[in-house]
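Below you'll find the structure, written out as structure tokens, and then a few comments.
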Amino acid sequence: MSTAHEIHLARRPHGFPDAADFTLVERELPEPGPGEAVVVNRAFSVDPYMRGRMNDVPSYVPPFRLNEAMDGRSVGEVAAVGPDVSEVAVGDLVLANLAWRDRGISKAEHLQRVPDVAGVDPRAYLGVLGAPGLTAWVGLLDKASFRPGDAVFVSGAAGAVGSLVGQIAKAKGASRVVGSAGSAEKVAWLTGELGYDAAFNYKDGPVRDQLQKAMPDGLDVYFDNVGADHLEAAIAVANDHARVAACGAIAHYNDTADAPTPGPSNLFQIVKKRLAIQGFIVTDSLDRFAPFLEEVTPWVADGRVRFAETVVDGVDHAVEAFQGLLRGENTGKMLVQVGG
Ligand code: NDP
Numbered sequence: 002m003s004t005a006h007e008i009h010l011a012r013r014p015h016g017f018p019d020a021a022d023f024t025l026v027e028r029e030l031p032e033p034g035p036g037e038a039v040v041v042n043r044a045f046s047v048d049p050y051m052r053g054r055m056n057d058v059p060s061y062v063p064p065f066r067l068n069e070a071m072d073g074r075s076v077g078e079v080a081a082v083g084p085d086v087s088e089v090a091v092g093d094l095v096l097a098n099l100a101w102r103d104r105g106i107s108k109a110e111h112l113q114r115v116p117d118v119a120g121v122d123p124r125a126y127l128g129v130l131g132a133p134g135l136t137a138w139v140g141l142l143d144k145a146s147f148r149p150g151d152a153v154f155v156s157g158a159a160g161a162v163g164s165l166v167g168q169i170a171k172a173k174g175a176s177r178v179v180g181s182a183g184s185a186e187k188v189a190w191l192t193g194e195l196g197y198d199a200a201f202n203y204k205d206g207p208v209r210d211q212l213q214k215a216m217p218d219g220l221d222v223y224f225d226n227v228g229a230d231h232l233e234a235a236i237a238v239a240n241d242h243a244r245v246a247a248c249g250a251i252a253h254y255n256d257t258a259d260a261p262t263p264g265p266s267n268l269f270q271i272v273k274k275r276l277a278i279q280g281f282i283v284t285d286s287l288d289r290f291a292p293f294l295e296e297v298t299p300w301v302a303d304g305r306v307r308f309a310e311t312v313v314d315g316v317d318h319a320v321e322a323f324q325g326l327l328r329g330e331n332t333g334k335m336l337v338q339v340g341g
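In the working numbering, each number is its position in the sequence shown, counted from 1, plus 1.
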């Protein structure tokens, strides 16, 4: 027996999630049964898509259930295994679906050993080499059909996904890469360290005006993490036949039925400019994980690709980490560290 601390969803948030929507629960874990393993977390991911799972609506991933630990990607160490476990052994560092808790029980067949690569911290597999990284790579290359010479605009550019999109585009020969983010520090990071050609703070003025100024010759690819005013601006600035990877719409995630954030008002431009807008969900492209890791792991290991993490300490602060993510308090990947 061991004691786990878990964050449960106590009620479904209305608008921006409130601390009272969650409870911290302590419970005794049973011994692992046949085919099961106990994993002690080192870190777990909080992600924007989790906000959607807090609503009781049909989607591409089922809603979180009330009064149960929520899940999501985590990295931790196998502490015990039950009978008939051959996939992992005690002491292995593994990726699991045990977010929002400090330890938990998983079917051993659902665990993956963390690749042991010199120069790569295991936590990278929750961010730049995990689902966010794959999202950037698949979205840009497969969904937006990026070609060398393209001028690329990325919104949410200083986040886990966005910070990689611009670097891949530059590495593959983009003519110009522009990002938007929500603070002067993030803008400075994009141009100073990540190699973005230009960036702007979307809070400084209308996105359309700032984008037009940053991309006077238009854009060929827009990687959309935000929706709303950003999508409208990108449509306005797009060149004929531009492609849009519709990855996320975080400006809308806390919308309520009575106060929706306005969407683009210029959709007819999609017709006139013959734009291609491709929505996608990364879990449909898991067959691309191997080639993604093959290409991007060396870039991460030798520092050609830069990435950042914002780390919040302790499962008891996980809700604050999640709220902070939605408020833009993270640069790069937002993570919760467990156990110091
Ligand atoms: P991020 O690390 O980018 O964190 C979210 C960021 O969104 C915040 O840091 C904040 O940065 C920004 N933000 C919050 N509210 C607004 C707003 N109203 N307008 C503009 N920006 C805002 O998260 P991820 O990299 O994990 O995810 C980025 C996007 O990609 C999300 O939309 C997510 O849902 C989507 N996604 C989609 C996947 C798919 O399969 N389609 C898979 C993974 C992610 P700032 O300070 O700049 O405001």
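Think of the CB as a built atom: it goes at the ideal place given N, C-alpha and C, for glycine as much as any other residue.
Owing to the predicted nature of the structure, the values given are computational and were not obtained by experimental measurement.
Helix, strand or coil, according to DSSP, for residue 201 in the structure here?
strand
Taking just the CA atoms, how far does residue 52 sit from residue 288?
26 Å
Given a threshold of 16 other Cβ atoms within 10 Å of its Cβ, counted over all protein chains shown, does residue 231 qualify as buried or as exposed?
buried
Counting only the same chain and skipping the five closest in sequence on each side, list residues whose C-beta sits under 8 Å from that of residue 315.
337, 338, 339
Residue 89 in three-state terms, based on DSSP:
coil
Any non-hydrogen atom of ligand 1 within 6 Å of residue 50 CB:
yes
One question on the structure: do residue 159 and residue 187 come within less than 7 Å of each other, judged by their Cβ atoms?
yes
Beta-carbon gap between residue 334 and residue 246 smaller than 7 Å
no
Specify the secondary structure class of residue 330 as computed by DSSP and reduced to three states.
coil
Would you check whether ligand 1 has a heavy atom nearer than 6 Å to the C-beta of residue 139?
no
Going by DSSP, what residues sit across from residue 298 in a beta bridge?
Partner(s): none; residue 298 has no beta bridge.
Could you tell me whether any non-hydrogen atom of ligand 1 is closer than 6 Å to the CB of residue 251?
yes
Are the Cβ atoms of residue 180 and residue 165 separated by less than 7 Å?
no
Assuming residue 101 and residue 319 are in contact, meaning their beta carbons sit under 8 Å apart, how far apart are those beta carbons, in whole angstroms?
6 Å
Flag residue 133 as yes when its Cβ comes closer than 6 Å to any non-hydrogen atom of ligand 1, and as no otherwise.
yes
Host beta strand (DSSP E) of residue 122 (start-end):
Note, residue 122: premise wrong, no beta strand (DSSP E); not H, not E.
Cα-Cα, which of 104, 108, 68, 72 is closest to residue 87?
108
Residue 47 (DSSP reduced to helix, strand or coil)
coil
When we look at the beta-carbon of residue 331 and count the other beta-carbons within 10 Å, is it buried (16 or more) or exposed?
buried
Proximity of residue 77 and residue 118 at Cβ, strictly below 7 Å
no
Nearest by alpha-carbon distance to residue 68: which of 7, 83, 240, 131 is it?
7
Between residue 272 and residue 17, what straight-line distance do the alpha-carbon atoms span, to the nearest angstrom?
35 Å
Once the 5 residues before and after residue 226 are set aside, which same chain residues still bring their CB inside 7 Å of it?
156, 157, 160, 162, 163, 248, 249, 251
Environment of residue 15 [buried if 16+ CB atoms lie within 10 Å]:
exposed
Over what stretch of residues does the alpha helix (DSSP H) that includes residue 181 continue unbroken?
Not the alpha helix (DSSP H): residue 181 falls in the beta strand (DSSP E), residues 177-182.
Member of 25, 19, 83, 139 whose CA lies at the smallest distance from the CA of residue 291
139
Cβ-based burial, residue 60 [other Cβ within 10 Å; buried from 16]:
exposed
DSSP state of residue 286, grouped into three classes?
helix
Applying the 10 Å Cβ sphere with the 16-neighbour rule, what's the burial state of residue 136?
buried
For residue 349, collect the residues of the same chain with a Cβ closer than 7 Å to its Cβ; drop the 5 residues on either side in sequence, then sort them by chain order.
Summary: the structure shown does not reach residue 349, with the chain confined to residues 2 through 341, and so no result is reported for it.
Decide if residue 62 is buried, meaning its Cβ has at least 16 other Cβ atoms within 10 Å, or exposed.
exposed
Closer than 8 Å by C-beta to residue 30: which residues in its own chain qualify, once you throw out the five before and the five after it? Chain order, please.
2, 3, 4, 5, 39, 104, 105, 106
So is the beta-carbon of residue 183 under 6 Å away from any non-hydrogen atom of ligand 1?
yes
Output yes or no for whether 7 Å exceeds the beta carbon distance between residue 198 and residue 177.
yes
Between which residues of its own chain and residue 45 is the CB-CB distance below 6 Å, once the five residues before and five after are set aside?
75, 100, 337
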